[in-house]
Each structure stands twice: as C-alpha cells, then as structure tokens.
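*Asks:*
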Amino acid sequence: MMNKYSASLTVVLLMACSQRSTGDRHHFQTYAHEGIQIAETTGGPKYHEPLFTYQVLYKIEEDSSRPETILSGASSCMMDESGNLYVCDTRNCRIAVFDSGGNYSKSIGRQGDGPGEFRSPRLTSVREGILEITDREQGRLSIYDTDGKFLNSFQFQELSRHQSGIHFSPLDAYLESESTIIINQQIILGDVATHGMIFRVAVFSLNGELQTELLSPSQPVSGFGFEGTPIAKYIPGWGVLIAGNDVPILRRYDTNGSLEREIMLGIDRDPVTTADRKNVEDGLRTWINKEGDERTRRAATRVLESLEFPDLKDLWGDLQVDDCGFIWASEPRGTRYDPASSIKRRIISPEGEYLGDTYFPEASIPYGATISYGHLICNWQDEVTGAPVLMVQQLIPAVSGFRYPP
Numbered sequence: 004m005m006n007k008y009s010a011s012l013t014v015v016l017l018m019a020c021s022q023r024s025t026g027d028r029h030h031f032q033t034y035a036h037e038g039i040q041i042a043e044t045t046g047g048p049k050y051h052e053p054l055f056t057y058q059v060l061y062k063i064e065e066d067s068s069r070p071e072t073i074l075s076g077a078s079s080c081m082m083d084e085s086g087n088l089y090v091c092d093t094r095n096c097r098i099a100v101f102d103s104g105g106n107y108s109k110s111i112g113r114q115g116d117g118p119g120e121f122r123s124p125r126l127t128s129v130r131e132g133i134l135e136i137t138d139r140e141q142g143r144l145s146i147y148d149t150d151g152k153f154l155n156s157f158q159f160q161e162l163s164r165h166q167s168g169i170h171f172s173p174l175d176a177y178l179e180s181e182s183t184i185i186i187n188q189q190i191i192l193g194d195v196a197t198h199g200m201i202f203r204v205a206v207f208s209l210n211g212e213l214q215t216e217l218l219s220p221s222q223p224v225s226g227f228g229f230e231g232t233p234i235a236k237y238i239p240g241w242g243v244l245i246a247g248n249d250v251p252i253l254r255r256y257d258t259n260g261s262l263e264r265e266i267m268l269g270i271d272r273d274p275v276t277t278a279d280r281k282n283v284e285d286g287l288r289t290w291i292n293k294e295g296d297e298r299t300r301r302a303a304t305r306v307l308e309s310l311e312f313p314d315l316k317d318l319w320g321d322l323q324v325d326d327c328g329f330i331w332a333s334e335p336r337g338t339r340y341d342p343a344s345s346i347k348r349r350i351i352s353p354e355g356e357y358l359g360d361t362y363f364p365e366a367s368i369p370y371g372a373t374i375s376y377g378h379l380i381c382n383w384q385d386e387v388t389g390a391p392v393l394m395v396q397q398l399i400p401a402v403s404g405f406r407y408p409p
C-alpha cells in the first residue's frame, strides 16, 4: 500500500554512517530470465549517507495513575493506516490500542479459551481494517476488526505436526483467503547443534490439506554467532521471502510456491576487524553484567566463551518488509548481543535495488523494532521496574533524491 506521510523539519541526529571506499560504484539492473524477474545490484549502495532521521512522536510508559498504560508485555506492535497503535499485551491476553497521539483508546480480547479469547496471543497482522492474532498455546488464529469486534477463529494446532526427531513450532498464522491459512514455522531437526534448524512456510486449506510447502536452507545452531540466519517467512500482501545463510540473495515466491523475483546483491564482503571483535565482546559482557534474567546471562556467557569470528560478516540477519514493499535487512557483524548489529539496516527497494543504510536509534536495542506505516516502533523494558516502554518515531527521509514512501 502506498501511503503519504507529512514530514517534519524536526530531526534527530543519528550516528554517522561508515563510508565504503570511494572506488565503489553503484549499478542496478533488472531483467527477465526463464520467466523470473531478476534484480541485480553491484558496487555498493546508491546513497552513502544514512537514509533516515527519526522524530520521536510519543512514548508510552507505565503510569500507576493510568491503569490502561500498565502492560505486562509488548511482544508485537503494529500500526494501521490511520496511525493507531496496536500492542500485544501478552500476559494480560489482550491487544491494547492507542490513537495517533499515543492516547489509550480501547482493549481487544481477554484471557480464556472461548471464541476471541487468548492464552498466549501474538499480533501478526493489521491490514485493511482487520486484526489477525495468533495464539500458539491454543493453536488458533483469531480475527477481529479494528473496532474490536470479534469476527471468526480458525484452529491450526493439528497442522503443526510432530515427528520423531523433528519438532515443528508454529510462529505466526495468517488467513490468506476465505479458504486458505498460512503458517510460519520453526523446525528443529534432531540435535539442533548438529543437524540444524530450518524455517517453513506451509499453506493449508481450512480442512487441513497441505497445498504448498516452502523451506529455508538448514542451519546448525551453535549459539548466536556469525553463522548468518536462513530465513523463510510469509509476509501478508507480499508473498514468501526466502534468504540463504551463505550469500546475499533474496527470493520472493507466491503462495503456490512459484519463484517470482530474485534479488541479487553482489556487494563486497566486509572483513571482520579488531574493532568488530571488541564491540561484540563488550556487548556480551554488558549483557552478562546487566541482564536480570539468569537464563539469558548464562546463554551470553556461553556465547562469549565459545565465540568464533570467521572471515566474513556480510550475512543476513532478520528481514522485515514494510507496508510499501521496502525490505529492511539487518547485517549481523557478530551476535544478537552486538549493538552495532542491532541498529544497522540495509534498505532495499520493492524493485530490488540496494538504496543504502539506516541506523535505528539506540532505543531499538535489544528488545525490538518494527517498521509500520512510515513509523519505527521501539519497545524495551525499564531497567528499574522491568515494565515495557514503547516509543513511536516517524521516519523522515534524509537524503536528497530519496523519497519514502515513494
């Protein structure tokens, strides 16, 4: 969807973008090959300066005098076209809704097992006036309208099969049409450190018949190191995106399993430097010293003790596709504990052109950041109270010649 957003002259100064060598030249071309659209970028980004600045619009913090602001969690946050913010308040089993000014509007859903009730909700989609909410514990997808009216629900627990040595874990579910449900899954194969983990997009009819199955490459998991992340996930209104863990190539499929577009980023790989090593190690030590959760501290300690640095760092991390079709791809230089990896994003146009980079504000570290209708939604926990904190910022194009949304 193409939406227009008003730009403000007030900007937030961000950290400077590291420059690639002056010898790099941008080149982009598209062509058809055997019925598939190929988009190819070589020689570095089109724009070398950071593409965006970020203006803080409002912040939502716990206020004991306002019960509606007391959130037990914020596992997923999204906006609609009108700028309303929908927050999945996980442990309270509801969706909290705030208007475009950050004022509380209403609550959707409640705890329970009946129609429209939740045990472990996750907001997976806000589009065309409809909310889709996945409940992994119930194995159910619930549908509401944005006014808070419950419309329907669909069971998918039986579609998440378990086999000997293979564990299928549902991540998100979507109603693609009146007769089709799509599930994003994480699959663990036997000993995850030896055999690996893959991601699966499964398309089912509502009577449970498997219609299409798309899988990412397998990836042995040895911690949160430099391995890169194989990705396969369905993105509402866009299709299925699959990225390997060895080369920067993205593939877009339709829900019938047909390859529609291949995006090839032939970019020189950056070597791991002494500074990279220090950043990662310092980030790990910070987590170990400050993280309140003992399990997370132990995991970070194990990663620090076993950390290895291969020669290359130009691998995919998480990928988001925004409402305009732009791809926001993280470029991990270490682990999820590495602040520099958490805030950098490559911006790839809907046509497949590598436009340049942006750096999220440090508020996006380490809990998460979502791009939604021209806004960056950051959520984290207060260091003292542990309560969720939400910050909504407007994306403002910062480079001459670059328009967003187009």
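Counting from 4, one number per residue, gives the positions in the sequence shown under our numbering. Glycine included, every Cβ here is placed at the ideal spot set by N, Cα and C.
Buried or exposed: where does ASN2 fall if 16 or more other Cβ atoms within 10 Å of its Cβ makes it buried?
*Replies:* The structure shown does not extend to residue 2, since the chain is modelled only from 4 through 409, so no value can be given for it.
*Asks:* Going straight from the alpha carbon of GLY112 to that of ALA42, what length do you get?
*Replies:* In a straight line, the C-alpha of GLY112 is about 43 angstroms away from that of ALA42.
*Asks:* Can you give me the start and stop residues for the beta strand (DSSP E) that LEU322 sits inside?
*Replies:* Run containing LEU322: 322-324, per the beta strand (DSSP E) assignment.
*Asks:* Using C-beta distances below 8 angstroms, list every residue in its chain close to ASP138, excluding the 5 sequence neighbours before and after it, in chain order.
*Replies:* Only PHE121, ARG122, SER123, PRO124, ARG125, LEU144, SER145 meet the Cβ criterion.
*Asks:* Going by Cα to Cα distance, which pick from ASN106, ARG94, TRP290 is closest to GLY115?
*Replies:* Ranking ASN106, ARG94, TRP290 by Cα distance to GLY115 puts ARG94 first.
*Asks:* With DSSP as the reference, label GLU356 as helix, strand or coil.
*Replies:* The answer is coil: DSSP assigns GLU356 none of H, G, I, E or B.
*Asks:* Would you report the Cα separation of ASN210 and GLY86, rounded to the nearest angstrom?
*Replies:* Taking the straight line from one Cα to the other gives about 36 angstroms.
*Asks:* Rounding to the nearest angstrom, what Cα-Cα distance links SER24 and GLN396 in this structure?
*Replies:* Low local confidence applies: a pLDDT of 36 at SER24 is under 50, so the model's placement there is unreliable, with the coordinate-based value given in what follows. Roughly 31 angstroms between the two C-alpha positions.
*Asks:* Report all residues from its chain with a CB closer than 7 angstroms to the CB of LYS109; omit the five preceding and five following residues, and keep chain order.
*Replies:* Cβ neighbours of LYS109 beyond the five flanking positions: VAL100, GLY151.
*Asks:* Can you round the beta-carbon distance between ASP257 and GLU265 to whole angstroms, since I take them to be within the 8 angstroms contact cut?
*Replies:* Between GLU265 and ASP257 the Cβ distance is about 13 angstroms, and since that is not below 8 angstroms, they are no contact.
*Asks:* Excluding the 5 residues preceding and the 5 following SER67 in the sequence, name in chain order all residues of the same chain whose CB lies nearer than 8 angstroms to its CB.
*Replies:* Closer than 8 angstroms at Cβ, skipping near neighbours: ILE73.
*Asks:* Who are the Cβ neighbours of VAL392 in its own chain at under 6 angstroms, not counting the five residues just before and after it?
*Replies:* Excluding residues within five positions, the ones whose Cβ falls inside 6 angstroms are GLU64, TRP383, ASP385.
*Asks:* Could you tell me whether the Cβ atoms of ILE186 and MET200 are closer together than 9 angstroms?
*Replies:* Not in contact: ILE186 and MET200 (Cβ atoms no closer than 9 angstroms).
*Asks:* Taking just the CA atoms, how far does GLY117 sit from ILE98?
*Replies:* Looking at the two C-alpha atoms, the distance is approximately 16 angstroms.
*Asks:* Using the Cα positions of PHE157 and GLU365, report the straight-line distance between them to the nearest angstrom.
*Replies:* Those two C-alpha atoms are separated by around 39 angstroms.
*Asks:* So GLN188 and SER172 are in contact, right, with Cβ under 8 angstroms, and what is the actual spacing, rounded?
*Replies:* Going by Cβ atoms, the distance from GLN188 to SER172 rounds to 6 angstroms, so yes, they are a contact pair.
*Asks:* Use the C-beta contact count for MET4: other C-beta atoms within 10 angstroms, 16 or more gives buried, fewer gives exposed.
*Replies:* Residue placement at MET4 cannot be trusted, given a pLDDT of 35 that sits under 50; what the coordinates show is reported in the next sentence. Classification for MET4: exposed.
*Asks:* Can you list, in chain order, the residues of its chain with a C-beta nearer than 6 angstroms to that of TRP331? Leave out the 5 residues immediately preceding and following it.
*Replies:* So the list reads GLN323, ARG348, ILE374, once near-sequence residues are dropped.
*Asks:* Name the one or two DSSP bridge partners that LEU178 has.
*Replies:* Note: LEU178 sits in a beta bridge opposite ILE184.
*Asks:* To the nearest whole angstrom, what separates the beta carbons of LEU217 and GLY260, a pair I think is in contact under 8 angstroms?
*Replies:* Indeed they touch by this definition, with Cβ atoms about 6 angstroms apart.
*Asks:* Is the beta carbon of ILE136 less than 9 angstroms from the beta carbon of CYS91?
*Replies:* It is a contact, given that the beta carbons lie within the stated cut-off.
*Asks:* If distances are taken between C-alpha atoms only, which option among THR56, LYS293, THR276 comes closest to VAL387?
*Replies:* When each option's Cα is compared against that of VAL387, the closest is LYS293.
*Asks:* Distance, Cα to Cα, LEU268 vs PHE31?
*Replies:* Approximately 9 angstroms, taken between the alpha carbons.
*Asks:* Where ASP175 and GLU212 are concerned, what is the direct C-alpha to C-alpha distance, given to the nearest angstrom?
*Replies:* One C-alpha to the other measures close to 18 angstroms.
*Asks:* Expressed to the nearest angstrom, what Euclidean distance is found between the alpha-carbon atoms of PRO353 and GLY377?
*Replies:* If you take the alpha carbons of PRO353 and GLY377, they lie about 15 angstroms apart.
*Asks:* Could you confirm whether any beta carbon from chain C is found closer than 9 angstroms to the beta carbon of ILE330?
*Replies:* Absent here is chain C; the protein component of the structure consists of one chain.
*Asks:* Under the three-state reduction of DSSP, which class applies to GLU265: helix, strand or coil?
*Replies:* Here GLU265 sits in strand by DSSP.
*Asks:* When DSSP builds the beta bridges, which residues end up paired with ASN155?
*Replies:* The partner list for ASN155 (beta bridge, DSSP) reads ILE146.
*Asks:* If I follow the unbroken alpha helix (DSSP H) through ASP279, where does it start and stop?
*Replies:* Run containing ASP279: 277-293, per the alpha helix (DSSP H) assignment.
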